[in-house]
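Below: the structure, in structure tokens.
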Amino acid sequence: MSGLLLLAGGCLIAITVTVLGALLALASHLPLDALWLALQQQETVFALRLSLYTSLLALALALLFGTLAGYLLARRSFPGQALIETLLDLPMVTPPLVAGMGLLFLLGRDAPVGSAMAAAGWHLLFSPAGVILAQTYVATPLIVRSARAAFQAVDPDYAAVAGTLGLTPLWAFLLVEIPMAGRGLLSAAVLGWARALGEFGATLMVAGATRLHTETLPMAVFLNIASGETEVAIACALILLSMAFALLLVIRLLAGGKSAGQGQFQHA
Amino acid sequence: MLKPAFLGALLWVVLASALTVAQADSLFIYSGAGLRQAVQPLIDRFERETGVQVFVEYGGMGQMTTRFETTQRGDVYISGARFYTDQLAKKGLISDVHPLVYHTAVIGVNRARAATLTRFEDLASPGRRLALGDPKAMALGRTAESILDASGLGDAIRANVVARGATDQQVTLYVVNGDVDAGIISRTAAVQHADRIAIVDIPTAYYQPEEVTIGVLSTTQAPERARQFVAWVTSKEGIAAFTQVGFLPIAAPAP
């Protein structure tokens, strides 16, 4: 047994050291004063603001759609449900670039959907709205999945009792079920936000790589690596990493240690 | 029963096999992504005839340069523009640099809009939707900017740009898909998609076509093998592989 523990400990150390090593190497690549300069560059500030703005809007959309869809999947069973749930899992395993190509072809100016939207005055391609679309696309399935698990952990009898006490189903949903699934939903939101914030491939295809227009943090990292301006790239990468670290830490704390984490996923 | 020692051994085997993948007789090559159609068949033939395994990384030239300078690893560098091999040469990081062919830019026009866009000046007419490359991330993006400046129509044309791409093929995809009316793309990309893209030439007065160059990197561990590869690419057959896919030969006067 102790042999196994030793081996497991070795693996944990190897993984931790590798992750930490990559992070420190990245950070040490840029002296502090250069980092400070890079952080003040217009491009860095723009990318940070656009990333925050688009990812929060994407999160709001993904939560709205994802929570309701997840609720339905948790509470009702219907023919073809397994097919639909598998279909919804696809965006999580599709390379984002492929998702981006799909969206580009769907919304292209010559495609039926795209031309109808253009006629209605909706221009998603090559705009910040396209960034939001790409981010929502990758974040929503994640939220559907987590929300479904969160609602499944809530006994439907509570809502039924609330019904007998005179609450309409909508109010029972809002006042009873959502708060009871709250912690799971919150960690779903954080996961979805993290995913939206880091989204790159789909954004590149749908919104284009236009500096100071559709340039999110991951896009700024990519463009500046591509043009050899590693300072801005590393600065943006460090911002992204710090935000991701904070987000992931929040999930850990929300999940409240091991037991809650297990409880959330055992129904998934 | 599963013993820890067995698990440990298994882990070691997996790690060791992951680490030995990139050894044996091999060459490591950086190549501009836009050169792939010509470079890949040449690499395939080289591998077949010499038994040398060639690893190649395709990408935008800025990215390739960063990758090379960070990893300090590689044998041969094939650049979409002389600018990048000049930069490396200044730092003493490359030698034996040879020009290969001209990498020319054209206006690629979506065929559905080809009737209304027949001259360079048409790019400036109001309401056009254009895509260009990012001037820092890709060689042709830089070329496009200098073309715009030289034409004197830069402001009007830039006002029509609705999207920037990070690679030539991304810009081309937007033209093929009809998301933009036209873009400044490589002649090779336009030739590759001739069924969807019409070519409008850019007046030669506006720009100097880029030279595709090849050279041996100072970090090479196998200079003989690297030079052998360069000799193969610069041979008559090697150049033919480039001209077949739309590059223009250097021997002919520049277009």
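Keeping their order, the protein sequence lines are chains Y and U.
Every letter in the first sequence is one number past the one before it in our numbering, and letter 49, counting from 1, is 49.
Each position in the second sequence, counted from 1, maps to that position plus 1000 in our numbering.
Note that beta-carbon positions come from the ideal geometry of N, C-alpha and C, so glycine has one too.
The alpha helix (DSSP H) runs of length 4 or more contained entirely in the segment 73–141 of chain Y are, from start to end of the chain, 81–93, 96–107 and 112–119.
Within chain Y, no residue has its beta carbon less than 8 Å from that of Arg-1187(U); the closest one is some 22 Å off. Residues of chain U with a Cβ closer than 9 Å to the Cβ of Phe-105(Y) are, in chain order, Asn-1177. For Gly-1060(U), the nearest CB of chain Y lies under 8 Å from its own CB, placing it at the interface with that chain.
Thr-1213(U) is bridged by DSSP to Ser-1079(U) and Pro-1099(U). In summary, Arg-49(Y) is exposed, with fewer than 16 beta-carbon neighbours lying within 10 Å of its beta-carbon over all protein chains present. About 5 Å separates the CB atoms of Ala-34(Y) and Glu-231(Y); that is less than 8 Å, so the two are in contact. Taken through DSSP and simplified to helix, strand or coil, Glu-1057(U) comes out as strand. Under the three-state reduction of DSSP output, Pro-1203(U) falls in the coil class, being neither helix nor strand. For Ala-1114(U), not one C-beta of chain Y is nearer than 8 Å to its own C-beta.
Residues of the segment 206–226 of chain Y with a C-beta atom less than 9 Å from some C-beta of chain U are Ala-207, Gly-208, Ala-209, Thr-210, Arg-211, His-213, Thr-214, Met-219, Phe-222, Leu-223, Asn-224, Ile-225 and Ala-226, listed in chain order. Looking at the DSSP output, Phe-1028(U) shares a beta bridge with Phe-1055(U).
The residues Leu-1027, Ile-1029, Ile-1214, Val-1216, Leu-1217, Ala-1226, Phe-1229 and Val-1230, in chain order, have a CB closer than 7 Å to that of Val-1076(U) in the same chain once the five nearest residues on each side in sequence are set aside.
Cα atoms of Leu-1153(U) and Glu-1145(U): separation of roughly 11 Å, rounded to the nearest angstrom. In this structure, the beta-carbon distance from Gly-1080(U) to Thr-1172(U) does not fall below 8 Å. Looking at the DSSP output, Val-1191(U) bridges to nothing. Contacts with chain U at 8 Å (Cβ-Cβ) include Leu-4(Y). In the DSSP assignment, no residue is bridged to Ala-60(Y).
For the segment 112–129 of chain Y, the residues whose beta carbon sits under 7 Å from a beta carbon of chain U are, in order, Leu-125 and Phe-126.
Listed along the chain, the chain U residues whose CB falls inside 7 Å of the CB of Gly-228(Y) are Gly-1062, Thr-1065 and Thr-1066. Shown here for Arg-183(Y): same chain residues with a beta carbon closer than 6 Å to its own, the five before and five after excluded, namely Leu-254 in chain order. Taking 8 Å as the upper bound on Cβ-Cβ separation, chain U lies near no residue of the segment 29–55 of chain Y. Each of Pro-95(Y), Val-221(Y) and Trp-122(Y) was checked against the Cα of Leu-107(Y), and the nearest Cα belongs to Trp-122(Y). Secondary structure at Leu-1123(U): helix, using DSSP grouped into helix, strand and coil.
8 Å or more divides the Cβ of Met-180(Y) from the Cβ of Thr-203(Y).
Note on the segment 192–251 of chain Y: whole alpha helix (DSSP H) runs with a minimum of 4 residues are 201–207 and 217–226, in chain order. Between the segment 1066–1074 of chain U and the segment 1113–1126 of chain U there are fewer than three C-beta pairs closer than 8 Å, too few to call the two in contact. When Ile-225(Y), Ala-162(Y), Leu-5(Y) and Leu-83(Y) are compared, the shortest CA-CA separation from Gly-1059(U) is found for Ile-225(Y). Residue pairing of Ile-1250(U) in beta bridges, as defined by DSSP: absent, with no partner found.
Residues of chain Y whose Cβ lies closer than 7 Å to the Cβ of Asp-1134(U) are, in chain order, Ala-209, Arg-211 and Leu-223.
At a cut-off of 8 Å, the C-beta of Val-1162(U) has a neighbouring C-beta in chain Y. The alpha-carbon separation between Pro-1203(U) and Ala-244(Y) amounts to approximately 49 Å. Here the segment 159–174 of chain Y makes no contact with the segment 79–87 of chain Y; the two share fewer than three CB pairs at distances below 8 Å.
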